Amino acid sequence: MHATIGDRVRIKGRNVGMREQVGEVVEVRGRNGEPPYLVRFVDGRETLIYPGPDCVIEPGVLEN
């Protein structure tokens, strides 16, 4: 998996009733865009993640 700062992370809920989590990559700590990633979620919390099979990385959108 590969990500850059500003990319969007979507972690799908694995259980019934568990919501999808969406966040933004704020720091890439691995080499050449590899995990781990520091992610800021929409609720404001930040956490270090190693994405699993339930995670999708989407390219960030550049703002002008």
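Counting the sequence shown from 1 gives a position; this note's numbering is that position plus 106. All residues carry an ideal CB built from backbone N, CA and C; glycine is no exception. On a predicted model such as this, the values are computed, not experimentally measured, just so you know.
Extent of the continuous beta strand (DSSP E) run through residue i
i      : result
Val132 : 127–134
Residues of its chain near residue i, where Cβ-Cβ distance is below 8 Å and the 5 sequence neighbours each way are ignored
i      : result
Cys161 : Met107, Val115, Arg116, Ile117, Lys118, Ile155
Glu126 : Arg116, Ile117, Lys118, Gly119
Nonlocal neighbours in the same chain, by C-beta distance under 7 Å from residue i, ignoring five residues either side
i      : result
Asn170 : Note that Asn170 scores a pLDDT of 43, beneath 50, so its modelled location is shaky; the value from the coordinates is reported in the next line. Within the same chain, Asn170 has no close Cβ partners at all.
Beta bridge counterpart(s) of residue i as assigned by DSSP
i      : result
Arg114 : Glu130, Glu164
Tyr143 : Val134, Ile155
Cβ neighbours of residue i in the same chain (closer than 6 Å, five flanking residues each side left out)
i      : result
Gly129 : Val115, Val145, Arg146, Phe147
Arg135 : Pro142
Residue i versus the options, residue with shortest Cα-Cα distance
i      : options                : result
Ala109 : Tyr143, Asp149, Arg151 : Tyr143
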